[in-house]
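Just so you know, we're using the working numbering here: the sequence shown kicks off at 5 and counts up by one.
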Amino acid sequence: MRIVFVVPTFRHSLLLHEAVQSVLDNGREDAVDIVIVDDGCPELETLCGGVGLSILHENVHYCRSFNKGLSGARNVGIEYSLKNIDFDAIYFLDADNRVSDYSVAQMIQLLRHNSEGDWFYPDIRMFGIEWSGSYESSFSPFIEALQNICEAGSLVRRRVFDRGIRFSETLKHGFEDWDFFLTASEAGFHGIHAPSLGFLYRKRPESMLADSTRDQEFVLKQLEDRHPWIKDRRWLTHAEHVYNPRYAIFIYDLGVVRMSSSIESFTEEMTWDEYKRRFWAWEIKPNVYNIGSTMIVMNSATLSLLESLMLGSWVIFDLERGLQRANLTSVEISQSANHDLKIKAPVPYSGVNLDCLAISSRLLREVVSDSSDGWVRGLVSGAHGGAHTSRAVHLPKGSPINLLPSPVAENFLYMCRDLATSSYSQSNKTLRPRDSVGSPNRASAAVMLRDKFGHTVLAPYLKRKDIEIGFVLPIVDFGGVEKVTLAVAKQMRNLGYGTNLFVAKRREIKQFNLVAAAFDRVFFIDNDAFDDWSGPDYLGTNLSKWSVSGSQMDEANLLSAMDVLISCHSLDILGVMGQLRRSGTVTASYLHLFDKTYLDRRVGHPFVAVAYEHALDLFIGCSEAICAELQAEGVPPSKLVVVPNAPSIRKPKVSRRERGRAGSSQGQLRVLYMGRLDRQKGIERLEAVVRELSQSDDIAFRIVGKTIIDDGTSRPFIEKLVEPPVYSEKDVARLYEWADVIILPSYYEGLPLTVLEAMLMGVIPLVTDVGAVREAVDHDVDGFVVAEENCVADMVAILQRLASDPGRVAELSQAAAAAGQQRSWARSVVDLDEVLRASVAKKRKRLSNTPKLAS
């Protein structure tokens, strides 16, 4: 084994002799070469000293170069060694530092017996200002991304340099050693802690290191530009999950603790007794042992239930986020009276049932150190005001919550008592480390991670598909936007994408079973600042105040877990798209229609999206028409993707015509209106049509829907006909089976799903000429499109004509069904699939040098 000591020097001419002599004192000239690199030092003593040492000792080499800085000098030493010396490893020794008289022997042993190690990094013993720091722990690129634990005075194998790894000469303000080991990690190399290297660091109050610390923000930005993965949230949460999980999930009925940064998979499972041993070992060596930054207590039934309802990832994220404002956080699970999922805002705990509970490891340590359990009992019971906050979750009707025994509070108190009285805690009192902790407290690594991203909680690691898509909806009440979102999500999941729903505003999801068929996970963003439209006006449409001036890091950290994020008419969330786009997420806005004012001026969602065009990679339109309008508003054609709306209902096996359902048995023409009872839908026009035909015995109306925006106007002719909305596919199909005609007298539309579904079922559309309806309806061939100016009279006339001509109704019904069958969501998403895969691949190129992680 032969080791080269590369010793760069600049204005350290006398200290250089001490550094070289500390190597020579090892007495292993047969195993050592010393390469002195004079970095253009203007002092004559450096030249004389370097030349003199090289003459005096055969194994000392002297190189002089133009001043390149510390990195350049080290690189000169590397290149000289590669060309002139047959060596196994290089040790970098700055001229003002030293090694011990046993260092060379230890280095040889390390190289011989640790073939898997590519470099060996030391503990640090400082002289001058004395300090000793332990950097004990297994090396991981995750910890290295948070803090450099590898001193430049490390022993590096030749194979690292043979791969072209060098010190960056562009970093003039320090941290060049950190950059070197990040680069080596990217190349797949791995470090090993070597406490016996005997490295001695000269510490003075003013030095290059002190300057680097002052310039830390600037230097870190340089490092992040060179190594984007150290600021990539997705890579960091995955690496955290692999190397240093943030959660310790105590499943008390199984008696196990699972270490994980996810609820969907775990890195390690241990018995409760093993965790107790680790807890007290962490107390002695916090940089070696990880106990998790957050302890979560629940039973296996709760865990299974949350996973089955796709809520597990959101629940643990919400519990952890709550710990930034409270000492304890918990969840109470109950059942709704219907099929909706509802959550409540967190409130001070009032002593009702608990189903899972969370506490930080920092506070847990304080709890188990308290000689009395009165304080922690008060925390759990809610006796200390807002110190314990709890959120109620009401699951859909039929959820098996009766399977949930919930002695969580009792098991948490038992856990604290068992930790406090453990025999490990007693033996621990006599064991204290000799050195300060140099490498990070592993239970605090999650806090260090938060500090990189605005001091807020990152999303948990997700057991990922190759591409994870997030769809952000403001509400889930099964209007057209929600139905389209679910249909597209279902198709994308069929294509192998992971699908995630983020609900931005409301704390409820209607008909949760329908959501479960399309998504892998559900998250509530739950921000009370949303829906404040007092922001600036953009072309007649007010922007959300939060989107232009709110604190957005919470949302950015959660949503950045996605490879693709699509805002589905969720305008607030557009404000965070710029951050997400810069961090590597493909950002998109899915748009359906331009709204109109009472004065017929276009406003609404597309204008807000255009305001954020710079932050969006893609604009997805439900029709050719809206994409043409977006292009006219300045959106580049390369950003436009058409996903034509399609029926979200299954085609009947036997058509209604084949069943003899053309018209009613009483000879009536059956006319259906289904949708919101709002102005947009032309509800006063519908009132006028029904009033005009109220005396016609050969025409029957059904009106199904509810008012979302109530203008207070009385409409007696339709109010007596209104039926509540239906959601299930079976109930919707029954309505279409009943109808001959679907009527939609809207003021503005996109490409309405109601029309497409009705046509598939053989129902004739009668619609106003708005939006993109002409892309679906061919006038007087498979339906009717009437001008807005005289739509009431025209609709009345068409209905009267159809009522008197059953044969024409049958022809139009067959044509409508044939046209409806031409559309499918599987065909509609083909272009979107192609564009998303290409966009994600392009974004991932910037992270092509990311260190590979274990699965």
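The C-beta atom is built at its ideal place from N, Cα and C for all residues, glycine as well.
Tell me the DSSP bridge mates of residue i?
i	result
L361	V301, S334
M263	A252, E272
A704	R674
G44	Partner(s): none; G44 has no beta bridge.
R161	A93
L505	F475, V526
In three-state DSSP terms, what is residue i?
i	result
D37	strand
E120	coil
N79	helix
Q220	helix
S394	strand
V590	strand
R663	For R663, the pLDDT reaches just 45, beneath the cut-off of 50, and the residue's location in the model is therefore unreliable, leaving the point undetermined.
I320	helix
S668	Any answer about S668 is weak, because its pLDDT of 48 lies below 50 and its placement is not dependable; what the coordinates show is given next. In the structure shown, S668 sits in coil (DSSP, three-state: anything other than H, G, I, E or B).
T174	coil
C154	coil
T241	helix
N294	coil
V371	helix
F14	coil
Going by DSSP, what residue range makes up the beta strand (DSSP E) through residue i?
i	result
M274	272-275
A349	It is not in any beta strand (DSSP E) - A349 carries neither H nor E in the DSSP assignment.
R446	Where R446 is concerned, there is no enclosing beta strand (DSSP E), given that its DSSP letter is neither H nor E.
L644	644-646
I747	745-748
C572	568-572
F143	Run containing F143: none; DSSP gives neither H nor E here.
I630	Careful: I630 lies outside any beta strand (DSSP E), inside the alpha helix (DSSP H) at 628-636.
L466	Per DSSP, L466 belongs to no beta strand (DSSP E) and is neither H nor E.
Could you please give the first and the last residue of the uninterrupted alpha helix (DSSP H) stretch that includes residue i?
i	result
E472	From DSSP, E472 is part of no alpha helix (DSSP H) but of the beta strand (DSSP E) over 472-477.
P729	Counting along the chain, P729 falls outside any alpha helix (DSSP H), and DSSP gives it neither H nor E.
C67	Careful: C67 lies outside any alpha helix (DSSP H), inside the beta strand (DSSP E) at 64-68.
M452	449-456
I877	Because residue 877 is not part of the residues shown, which for the chain are 5 to 859, the question remains open.
I722	720-723
H21	17-28
F611	609-615
Just the Cα atoms here: how many angstroms apart are residue i and residue j?
i	j	result
P860	V708	The structure shown has nothing for residue 860, since the chain only spans 5 to 859.
V800	A823	24 Å
E559	L697	52 Å
R850	R162	28 Å
A842	L462	27 Å
T589	R206	45 Å
R689	D604	16 Å
R6	L74	24 Å
E662	L307	Low confidence applies to E662: its pLDDT is 48, below 50, so where it sits in the model is not reliable, and the reading given next is rough at best. Between E662 and L307, the C-alpha separation is close to 50 Å.
V767	E838	33 Å
A565	E228	19 Å
V8	L18	21 Å
G56	N63	12 Å
V781	T772	11 Å
L806	Q339	49 Å
F482	L676	18 Å
G686	D798	14 Å
W844	I347	Note that residue 844 is Val in the sequence shown, not Trp. Answer to the nearest angstrom: the Cα atoms are 33 Å apart.
A533	W550	6 Å
L575	A619	13 Å
G638	V11	59 Å
Answer with yes or no whether the minimum CB distance from residue i to chain C is below 9 Å.
i	result
M299	Note that chain C does not occur in the displayed structure, where there is just one protein chain.
Quiz item: Contact between the stretch 478-485 and the stretch 454-462: three or more CB pairs below 8 Å?
Solution: Because the criterion of three Cβ pairs below 8 Å is not met, the stretch 478-485 and the stretch 454-462 do not touch.
Practice problem: Check whether the stretch 75-84 touches the stretch 170-182, taking contact to mean three or more Cβ pairs, one atom from each stretch, closer than 8 Å. | Solution: Touching, yes.
Quiz item: Would the stretch 109-124 and the stretch 190-201 be scored as touching if the rule is three or more Cβ pairs under 8 Å?
Solution: Counting C-beta pairs closer than 8 Å gives three or more between the stretch 109-124 and the stretch 190-201, which meets the contact rule.
Quiz item: For the stretch 278-292 against the stretch 417-428, are there 3 or more C-beta pairs whose distance is under 8 Å?
Solution: Short answer: they touch.
Quiz item: Is the stretch 763-777 close to the stretch 603-622, with three or more CB pairs under 8 Å?
Solution: Counting Cβ pairs under 8 Å, fewer than three are found: no touch.
Quiz item: Is the stretch 296-313 close to the stretch 266-273, with three or more CB pairs under 8 Å?
Solution: As far as the Cβ criterion goes, the stretch 296-313 touches the stretch 266-273, which means the pair count is three or higher.
Quiz item: At a cut of 8 Å, does the stretch 325-345 reach the stretch 393-400 through at least three beta carbon pairs?
Solution: Flag = yes, the stretch 325-345 and the stretch 393-400 touch.
Quiz item: Three or more beta-carbon pairs under 8 Å between the stretch 236-250 and the stretch 184-194, yes or no?
Solution: Cβ pair count under 8 Å is below three, so no.
Practice problem: Tell me, please, whether the stretch 536-556 touches the stretch 370-379 by the rule of three or more beta-carbon pairs shorter than 8 Å. | Solution: With the cut-off at 8 Å, the stretch 536-556 and the stretch 370-379 do not touch.
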